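Going by the working numbering, 218 is the number at position 201 of the sequence shown; the sequence numbering is gapless.
Data first, discussion second: the structure below is written as structure tokens.
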Amino acid sequence: MSPAIRAGSIRASMVSPSMALRASRLGMPSSSALAAASTAPAIMASQQQQQQIRSIFWTRSRKNDKTAAVLEAAKADAQTPQLPPPNSDGKKKGGFFRTLRRTFYAVALGSLGTYAYFVYQGRHPPDQLPQDPSKKTIVVLGSGWGATSLLKNIDTEEYNVVVISPHNYFLFTPLLPSVTVGTLDGRSIVQPTRHTTRFKTREVKVYEADCEYVDPINKTVTFEDRSEVKGTVSKVTIPYDYLVYSVGTENQTFGIEGVKKHACFLKELNDAERIRARLIDCVESAAIKGQSEEEIDRLLHMVVVGGGPTGIEYAAELRDFVESDLIRWYPEVANKLRVTLIEALPNILPMFSQTLIKYTESTFKENSIDILTKHMVKDVDDRDVLVKTPSGEEKKIPYGLLVWAAGNTARPLTRQLMAALPESQKNRRGLEVDDHMRLKGAEDSIFALGDATATQFAPTAQAASQQGAYLARVFNQLARLNVLENKLEDAKKANADASELSGLERQIEKAAKIRPFKYSHQGSLAYIGSEKAIADIPLLGNNQIASGGVVTFMFWRSAYVSMLFSLRNRSLVAADWFKVFLFGRDVSRE
């Protein structure tokens with residue numbers, strides 16, 4: 018046997034039975050076949066063929082092993098309990114907060130955009146129609162609550178409107194006591210009159226001047242510019258078709274000597290600024306070295322005359338100023354500052370319920386504010402107030418600052434107008450008007466509203482504002498009536514059919530029915546200090562809610578902010594409150 022045949026036989030005999038079986042399954046020749054083939058040199062397998070067989074065998078074997086491993090892993094997974102995917106709750110939770118955050122950003126961005134839009138609108142008034150000589154002229158005297166409410170609501174397209182007032186602005190008087198101690202800046206509660214009139218359809222003339230004379234017979238008004246700077250023309254007389262008399266009142270002194278000379282009133286913006294300057298002067302003078310104790314007590318004794326809302330709120334603001342600011346910057350004298358309130362009536366705040374009156378008195382007692390009821394002021398000099406006690410005795414009360422908030426009386430112009438209509442105007446308190454706010458004796462041309470009138474309504478800002486809005490509706494209705502009457506005349510000239518004429522007549526009849534003014538009391542509010550306020554809020558019928566405390570103080574603030582006439586004022590007032598919260602009130606003298 019040759020060496021090649023012997024080697025082939027040996028290799029064939031080395032194939033194991035299992036390998037031969039696998040080879041047969043894979044379609045390979047068995048070992049016996051290989052041995053038989055090896056005996057024949059023509060069909061003997063070469064070494065290269067043997068290597069190919071082994072390569073195919075091991076490749077298929079590895080694939081089968083991997084397949085078995087995959088099947089075993091799948092079987093193990095099937096037997097393992099299924100758990101929720103990790104962080105599934107976290108994803109849901111994160112999604113909720115992400116949505117909430119996006120919603121917040123969207124609302125904030127929308128609010129900011131809306132605010133910016135209204136600010137832009139407020140600074141860019143539109144073009145107006147010029148005044149038309151063919152239209153009727155309405156002259157408005159004053160720029161207070163009644164006049165401003167009228168100007169905001171009247172449709173100027175059918176009228177030529179002229180405003181005459183010594184002030185070219187509207188003053189939000191309920192917050193004026195806050196200006197006296199620096200809680201609010203004076204400019205924050207001032208709304209320029211032109212910020213109202215420039216947004217009307219037709220041009221409104223505004224003259225900063227004092228009205229000198231009203232002629233109800235010839236329907237003319239004479240006014241004069243009394244400013245420090247005057248032009249060549251300073252006194253003018255103009256005619257009117259309708260006159261709206263809303264000049265308000267002046268301070269009542271009851272003929273007491275020395276009040277106008279020595280006391281500080283609290284009615285106008287310059288009054289608040291004067292009180293603030295006088296208050297700081299008293300504190301600084303008391304701090305001067307060598308000042309006697311008696312003189313320090315006098316300088317630091319602040320006296321308020323008048324137990325109405327104005328006097329109460331000023332006393333409260335003053336005490337807050339002492340406790341929150343003066344005690345920090347003037348520790349040597351601030352503890353000696355006293356506040357005394359004098360009222361001639363048996364009770365303070367007569368327009369509030371007894372429950373709130375007692376609550377206010379107890380709050381003032383806690384804040385060391387003395388209340389002297391049934392005390393009448395008899396005389397005032399530069400150092401003392403002479404009062405008459407309930408027992409009839411007279412005593413002097415020394416003071417450093419005297420604030421007079423004891424009532425109102427008619428202005429000289431009002432008395433002049435009353436004298437021009439002696440048969441109809443006999444009430445010394447003010448002008449007499451009918452239920453439609455028409456002045457008695459001049460019902461066809463003069464309307465009066467606000468504090469200048471003697472009506473059953475309290476002389477409050479609330480009443481004057483409602484009267485101004487009512488009168489604006491009356492003028493709008495009269496304008497509509499005039500338009501309908503002109504249409505009816507044109508229809509008659511055009512020989513319109515009977516149905517059209519009848520329809521116009523019905524509209525005219527409806528427009529001619531002007532309802533009388535009806536006052537709607539919205540409640541009374543007052544700040545009493547220490548971040549507390551009181552409120553009498555009416556309910557259905559004659560019921561009322563009497564509330565007092567910190568929550569009412571928040572309501573007091575929100576109510577007054579909402580009553581401000583412009584976004585500008587609301588923003589400034591809110592900013593002032595926030596500024597005081599952060600930095601306190603300014604104690605410097607301007």
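Just so you know, even glycine gets a beta-carbon here, dropped at the ideal spot from N, CA and C.
Model, not experiment: these values are computed from the prediction.
Spatial distance of residue i from residue j (CA atoms)
i      : j      : result
Phe338 : Pro191 : 18 Å
Gln479 : Thr472 : 14 Å
Lys247 : Phe381 : 48 Å
Ser244 : Ala226 : 8 Å
Thr214 : Lys395 : 45 Å
Val179 : Lys504 : 27 Å
Val276 : Gly417 : 14 Å
Ala427 : Ala469 : 6 Å
Tyr544 : Thr406 : 27 Å
Gln138 : Thr218 : 15 Å
Lys236 : Val250 : 22 Å
Pro533 : Asp451 : 9 Å
Glu220 : Glu175 : 11 Å
Arg336 : Ser564 : 22 Å
Leu366 : Asn586 : 28 Å
Phe595 : Glu607 : 21 Å
Gly112 : Gly159 : 59 Å
Asn512 : Asp461 : 33 Å
Val231 : Phe271 : 26 Å
Ala333 : Trp421 : 15 Å
Asn268 : Leu193 : 15 Å
Leu129 : Ile206 : 23 Å
Pro429 : Leu283 : 19 Å
Met580 : Phe216 : 19 Å
Asp144 : Cys281 : 43 Å
Residue i burial status per 10 Å Cβ neighbour count (16 or more: buried)
i      : result
Leu584 : exposed
Ile305 : exposed
Thr266 : buried
Thr569 : buried
Met571 : exposed
Met319 : buried
Pro326 : buried
Leu38  : Bear in mind that the predicted position of Leu38 carries a pLDDT of just 41, short of 50, making it unreliable; the figure below should be weighed with that in mind. With fewer than 16 Cβ atoms within 10 Å of its Cβ, Leu38 is classed as exposed.
Gln483 : buried
Ser537 : exposed
Ser309 : exposed
Lys549 : buried
Asn384 : buried
Ala346 : First, the residue type needs correcting, since residue 346 is Trp and not Ala in the sequence shown. It is exposed - the Cβ of Trp346 has fewer than 16 other Cβ atoms within 10 Å.
Ala475 : exposed
Ser182 : buried
Tyr134 : exposed
Thr173 : buried
Ser516 : exposed
Glu410 : exposed
Val567 : exposed
Val136 : exposed
Ala303 : buried
Spatial neighbours of residue i in its chain, beta-carbon cut-off 6 Å, leaving aside the 5 residues before and after
i      : result
Phe492 : Ile171
Asp387 : Thr357
Lys252 : Glu241
Ala486 : Ser166, Asn170
Ala59  : Residue confidence for Ala59 is low, a pLDDT of 43 falling below 50, so the modelled location carries little weight; the figure read from the coordinates is stated next. No residues qualify anywhere along the chain.
Thr11  : One cannot answer for residue 11 here, as it falls past the ends of the chain, which runs 18 to 607.
Lys614 : The question about residue 614 has no answer here: the residues shown for the chain are numbered 18 through 607.
beta-carbon residue i near the ligand ADP non-hydrogen atom, thresh 8 Å
i      : result
Trp421 : With respect to the ligand ADP, the structure offers nothing, as it holds no ligand at all.
Same chain, Cβ closer than 8 Å to residue i, neighbours up to 5 away in sequence not counted
i      : result
Ser438 : The question names Ser, but residue 438 in the sequence shown is Leu. These residues qualify, in order along the chain: Pro233, Leu456, Lys457, Gly458, Ala459.
Asp514 : none
Arg490 : Asn170
Asn185 : Ser160, Pro209, Thr210, Arg211, Val223, Glu225
Close Cβ partners of residue i (< 7 Å) along its chain, the five nearest in sequence each way excluded
i      : result
Val597 : Thr200
Gln553 : Here the sequence assigns Asp to residue 553, which means Gln is not the residue at that position. Cβ within range, chain order: Phe369, Ser370, Leu373, Gly540, Ser541, Gln561, Ala563.
- Task: Would you check if the region 379-392 and the region 358-370 touch, i.e. whether three or more CB-CB distances between them fall below 8 Å?
- Result: The answer is yes - the region 379-392 touches the region 358-370, with three or more Cβ pairs under 8 Å.
- Item | Runs of alpha helix (DSSP H) wholly within the region 183-245 (minimum 4 residues, chain order) | Scanning the region 183-245 from its first residue to its last, the whole alpha helix (DSSP H) runs of 4-plus residues come out as 193-196, 211-214.
- Item | Validate contact between the region 121-128 and the region 442-450 using beta carbons, cut 8 Å, 3 pairs | With contact defined as three or more Cβ pairs closer than 8 Å, the region 121-128 and the region 442-450 are not in contact.
- Segments of 4+ residues assigned as alpha helix (DSSP H) that fall wholly inside the region 409-451: Qualifying alpha helix (DSSP H) stretches, in chain order: 429-437.
- Which ranges does the alpha helix (DSSP H) cover as unbroken runs of at least 4 residues, wholly within the region 107-151, from first to last along the chain? As far as the region 107-151 is concerned, it has no whole alpha helix (DSSP H) run of at least 4 residues.
- Query: Is the number of C-beta pairs between the region 494-501 and the region 524-543 that are closer than 8 Å three or more?
  - Reply: Yes: the two stretches touch, three or more of their Cβ pairs being nearer than 8 Å.
- Stretch pair the region 395-405 + the region 287-303: three plus CB contacts closer than 8 Å: Flag = no, the region 395-405 and the region 287-303 do not touch.
- Query: Would the region 256-266 and the region 144-161 be scored as touching if the rule is three or more Cβ pairs under 8 Å?
  - Reply: A contact exists between the region 256-266 and the region 144-161.
- Query: Considering only residues of the region 278-352, which uninterrupted alpha helix (DSSP H) runs meet the minimum length of 4 residues and lie entirely inside it, listed in chain order?
  - Reply: Entirely contained in the region 278-352, the alpha helix (DSSP H) runs reaching 4 residues are, in chain order, 286-303, 310-316, 326-338.
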